[in-house]
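Asker: Quick one: structure below, then a few questions.
Residue numbers (full-length UniProt numbering): 1 to 537.
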């Protein structure tokens, strides 16, 4: 361990030596102890266990080509590449890409009416714990490395379906424009389960669940983050993060306080991922409120219960009225829901229309560590699941890429945003956290799998539309039958039946080129003389 915090190299010094659970304050003591150490862990050496190539016994029938998505009539969305504007069904929105925070969504509308002013990543953190000083002090704030600058060419047919539409991203650093080709993808896909279905004594009905995705992948050091915004037929929008890549491991210390023993001399270091997003909803205007709805157990005597107490539950509705109450942790058993609503735009049934925010899949945890020594005041957005604030142009984001350089005196301290301001029919901004508590095990070798390393939030209409707007799609069916189970009618609602053969060459992954970075200098400006590098170079 060394002290190199000052600018004068003559004052830098070694303050101690740590090895295999033992600490020596001086170099001479360490040298003396090294001669008599009984345990000397060997190195962790790369081998088959760190290779991402195919290995092991082949899976049964895996030689057959897997199911593949096709779009027989071409894309069902519109893209304006000049304006970065996208339309799918009745959704319309703009996208942008920031070198620090990556993919962002703007002015999301449905049938021309704004739902979201802004939706995008703010910060991604990985906080480790260990008995050794390196991992004990490891708390990464990844925007300092660049979420947007870490987006590279996507692997067609693997990172995204081969029928995807790809977009380039670009950023400007040090008098140089950097272009990363094919680093965003847009695509529809069939989820494989219906968005609606029901069976009665006379008919069965079902509706295809087709969604539209905007996806990017950022490789920040050892981790790969897959960011995805998904649009649904019913007006919902989901935000999903998946993680893969190599874990940051540590030497196995002989105990399991901080991780499993997962290879010869390797421990999987426990850590939290917390990934913060900003969501600025505008529900039928900018003036909104935050409605809390709780499922509450009650005991009640009803007029019909003849004096007997009935153990049941009811829905308790209240409003989060000010910022002091705007730091929210998800309720036990998921018994409370939150929605941004407009109390001044009551619908025909007396309800305030809005959009609810709720966990969707995987875990949506916040930081386990309280008052982190490593993070100081640099990531106060990570301590709860959800935050509600009054919008101010002087508070544009919850974090800043330079926060990690002086974590105890950060450029942006999220706690300073909270000063008791009203949330009653004001311009409200929501910040929410995705993430996971990760205790790596042998299944994380060689890479973490996205099966478990996933977190998602759902932004869904609540009393916003008159009914289920997914009924508008033609891609549904009603199968009618008689009392003897004979099919009497099949109603397809205008969907055409495809009978032609499909050329699979149209959906074969295009892997013959894998483009890195295109660099165009400002001085002298000469696009034809640009420099191309390898991905990650």
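By construction, the Cβ of each residue, glycine as well, lies at the ideal position given by its N, Cα and C atoms.
1. Taking only three categories from DSSP, how would you classify residue 507?
2. Hey, residue 387 and residue 431: beta-carbon distance below 7 Å or not?
3. Nearest by alpha-carbon distance to residue 504: which of 496, 68, 360, 309 is it?
4. For the structure I just gave you, are there three or more beta carbon pairs, one from the region 442-449 and one from the region 288-307, closer than 8 Å?
5. Name the DSSP beta bridge partners of residue 152, please?
6. Kindly confirm or deny that the region 409-428 and the region 229-236 touch, where touching means at least three C-beta pairs closer than 8 Å.
7. My guess is that residue 284 and residue 345 are in contact by the Cβ rule of under 8 Å, so how many angstroms apart are they, rounded?
8. Which runs of the beta strand (DSSP E) at least 3 residues long sit entirely within the region 362-446? Give them in chain order.
9. Would you mind sorting residue 546 into buried or exposed? The rule is 16 or more other CB atoms within 10 Å of its CB.
10. For the candidate residues 340, 312, 136, 273, whose alpha-carbon lies nearest to that of residue 292?
11. Could you tell me the alpha carbon to alpha carbon distance between residue 455 and residue 477, rounded to whole angstroms?
12. Along the chain, where does the alpha helix (DSSP H) containing residue 134 start, and where does it finish?
13. Considering only DSSP beta bridges, list what residue 178 is partnered with.
14. For the beta strand (DSSP E) that residue 240 lies in, which residues bound it at each end?
15. Please give me, in chain order, every unbroken run of the beta strand (DSSP E) with length at least 3 that falls completely inside the UniProt domain "DUF1965" (3-57).
16. Three-state secondary structure (DSSP) at residue 346?
17. Give me the DSSP bridge partner(s) of residue 228.
18. Just to check my reading of the structure: residue 186 and residue 169 have Cβ atoms closer than 8 Å, yes? What is that Cβ distance to the nearest angstrom?
19. For the beta strand (DSSP E) that residue 333 lies in, which residues bound it at each end?
20. Three or more C-beta pairs under 8 Å: does that hold for the region 186-203 against the region 239-248?
21. Compute the beta-carbon to beta-carbon distance between residue 382 and residue 367, rounded to the nearest angstrom, for a pair I have assumed lies under 8 Å.
22. Evaluate contact between the region 76-93 and the region 172-180, counting only Cβ atoms and requiring at least three cross-stretch pairs below 8 Å.
23. Exposed or buried, residue 23, counting other C-beta atoms within 10 Å across all chains shown (16 or more means buried)?
24. Can the beta-carbon of residue 231 be found closer than 7 Å to that of residue 216?
25. Quick one: give me the first and last residue of the beta strand (DSSP E) that residue 88 is part of.
26. If we call anything under 7 Å between Cβ atoms a contact, is residue 273 one with residue 474?
27. Just to confirm, is the Cβ distance from residue 188 to residue 212 under 7 Å?
28. Report the three-state DSSP secondary structure of residue 118 (helix, strand or coil).
29. Strictly by DSSP, which residues pair up with residue 294?
30. Within its chain, find whatever has a CB closer than 7 Å to the CB of residue 502; leave out the 5 residues flanking it on each side and keep chain order.
31. Spatial neighbours of residue 107 within its chain, please: C-beta separation below 7 Å, excluding the five flanking residues on both sides.
32. Excluding the 5 residues preceding and the 5 following residue 295 in the sequence, name in chain order all residues of the same chain whose CB lies nearer than 6 Å to its CB.
33. Suppose you measure from the CA of residue 507 to the CA of residue 355; what does that come to, to the nearest Å?
34. Locate the beta strand (DSSP E) running through residue 251, then write down its first and last residues.
Answerer: Based on what the coordinates show:
1. Indexing the chain shown from 1 puts residue 507 at position 507. In this structure, residue 507 counts as helix in the three-state DSSP scheme.
2. For this step, residue 387 is matched to residue 387 along the chain shown. For this step, residue 431 is matched to residue 431 along the chain shown. Taking 7 Å as the Cβ cut-off, residue 387 and residue 431 qualify as a contacting pair.
3. Start at 1 with the first residue of the chain shown, and residue 504 comes out as number 504. The candidate whose alpha carbon is nearest that of residue 504 is 68.
4. no
5. To locate residue 152, count along the chain shown from 1; it is residue 152. Answer by DSSP bridge pairing: none, since residue 152 is not bridged.
6. no
7. In the chain shown, the residue the question calls residue 284 occupies position 284. In the chain shown, the residue the question calls residue 345 occupies position 345. Rounded, the Cβ-Cβ distance is 4 Å, consistent with contact.
8. 386-390, 428-438
9. Summary: the structure shown does not reach residue 546, with the chain confined to residues 1 through 537, and so no result is reported for it.
10. Translated into positions along the chain shown, residue 292 becomes position 292. Residue 292 has its Cα closest to that of 340, out of 340, 312, 136, 273.
11. Numbered from 1 along the chain shown, position 455 holds the residue referred to as residue 455. Numbered from 1 along the chain shown, position 477 holds the residue referred to as residue 477. Each residue's alpha carbon lies about 32 Å from the other.
12. Residue numbering aside, residue 134 sits at position 134 when the chain shown is read from its first letter. Its alpha helix (DSSP H) spans residues 133-136.
13. The sequence position of residue 178 within the chain shown is 178, counting from 1. Partner(s): 171, 519.
14. In the chain shown, the residue the question calls residue 240 occupies position 240. Residue 240 -> beta strand (DSSP E) spans 237-245.
15. 17-19, 22-24
16. Position 346 of the chain shown, counting from 1, holds the residue named residue 346. Three-state DSSP puts residue 346 in coil, outside helix and strand.
17. Stepping through the chain shown from its first residue, residue 228 is reached at position 228. BP columns for residue 228 point to 215, 240.
18. Counting from 1 along the chain shown, the entry for residue 186 is found at position 186. Counting from 1 along the chain shown, the entry for residue 169 is found at position 169. That belief does not hold up - the Cβ atoms of residue 186 and residue 169 are roughly 13 Å apart, past 8 Å.
19. Translated into the one-based positions of the chain shown, residue 333 becomes position 333. Taken as a continuous stretch (DSSP letters only), residue 333 belongs to no beta strand (DSSP E), as it is neither H nor E.
20. no
21. For this step, residue 382 is matched to residue 382 along the chain shown. For this step, residue 367 is matched to residue 367 along the chain shown. With 8 Å as the limit, residue 382 and residue 367 qualify as a contact, their Cβ atoms being about 4 Å apart.
22. no
23. Here residue 23 corresponds to residue number 23 of the chain shown, with the count starting at 1. Its Cβ having fewer than 16 others within 10 Å, residue 23 is exposed.
24. The residue given as residue 231 occupies position 231 in the chain shown. The residue given as residue 216 occupies position 216 in the chain shown. Result no, Cβ atoms of residue 231 and residue 216 do not sit closer than 7 Å.
25. Position 88 of the chain shown, counted from the start, is the residue given in the question as residue 88. Segment 85-88, the beta strand (DSSP E) holding residue 88.
26. Start at 1 with the first residue of the chain shown, and residue 273 comes out as number 273. Start at 1 with the first residue of the chain shown, and residue 474 comes out as number 474. No. Outside cutoff.
27. The sequence position of residue 188 within the chain shown is 188, counting from 1. The sequence position of residue 212 within the chain shown is 212, counting from 1. Cβ atoms of residue 188 and residue 212: closer than 7 Å.
28. Here residue 118 refers to the residue found at position 118 of the chain shown. DSSP places residue 118 in strand when its eight states are reduced to three.
29. On the chain shown, position 294 is the one that residue 294 refers to. In DSSP, residue 294 forms a bridge with 316, 336.
30. Taking the first residue of the chain shown as position 1, residue 502 is located at position 502. For residue 502, where only same-chain residues beyond five positions count, the Cβ hits under 7 Å are 70, 72.
31. Along the chain shown, one-based indexing puts residue 107 at 107. Here the set comprises 93, 94, 114, 117.
32. Residue mapping note: residue 295 aligns to position 295 of the chain shown, counting from 1. These residues qualify, in order along the chain: 313, 335.
33. In the chain shown, counting from the first residue as 1, residue 507 sits at position 507. In the chain shown, counting from the first residue as 1, residue 355 sits at position 355. Approximately 37 Å, taken between the alpha carbons.
34. To locate residue 251, count along the chain shown from 1; it is residue 251. Note, residue 251: beta strand (DSSP E), 249-251.
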